[in-house]
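Engineer:
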Amino acid sequence: MDSIVAELFPKHPPREKKHYTKNNEVTPFTTKKLQDAAKSLKTGKAPGPDGIPASVIKIIALEYPDLLLNTYNACLKSRCQSK
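Residue numbers (my numbering): 1 to 83.
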């Protein structure tokens, strides 16, 4: 059984942690990029782990982009990410 599990789920070497410095600053999201990404979302599908349907994200991004933009850019700046 162990050999089957090892074959199906091979172990990978540990990933190297990246250390960011001021030189690795990331360009903030823009309203245009946010809205372009929102327009490309497919509606009519099950929502992701956050439970928010794509149609709601589209409406917010197109009608009230600053709500998402401020949140996304704050996360980008603080380097936080959802799990």
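Beta carbons are placed, not taken as given, at the ideal position from N, Cα and C, and that holds for glycine.
Values in this document were obtained by computation on a predicted structure and should not be read as measured data.
1. Taking 7 Å as the limit between beta carbons, can you name the residues of its chain near LEU68, skipping five residues before and five after?
2. Relative to the C-alpha of GLY44, which residue among ALA54, PRO65, LYS77, ALA37 is closest?
3. Under the rule that 16 or more other beta-carbon atoms within 10 Å means buried, what is ILE52, buried or exposed?
4. ILE57: buried (16+ other C-beta within 10 angstroms of its C-beta) or exposed?
5. Helix, strand or coil for THR30, going by three-state DSSP, please let me know.
6. Which residue comes first and which comes last in the alpha helix (DSSP H) that contains SER55?
7. From what residue to what residue does the alpha helix (DSSP H) around GLU7 run?
Structural biologist: Per the coordinate set shown:
1. By 1-based counting over the sequence shown, the position of residue 68 is 68. LEU34, ILE60, ALA61.
2. Within the sequence shown, numbered from 1, the residue matching residue 44 stands at position 44. Considering only alpha carbons, the answer is ALA54.
3. In the sequence shown, counting from the first residue as 1, residue 52 sits at position 52. Around the C-beta of ILE52, fewer than 16 other C-beta atoms lie within 10 Å, and the residue is accordingly described as exposed.
4. Within the sequence shown, the letter at position 57 stands for residue 57. Classification for ILE57: buried.
5. Start at 1 with the first residue of the sequence shown, and residue 30 comes out as number 30. Coil, per DSSP.
6. Looking up residue 55 in the sequence shown gives position 55. 54 to 63 is the span of the alpha helix (DSSP H), which, as asked, contains SER55.
7. By one-based count along the sequence shown, residue 7 stands at place 7. Where GLU7 is concerned, the enclosing alpha helix (DSSP H) starts and stops at 2 to 8.
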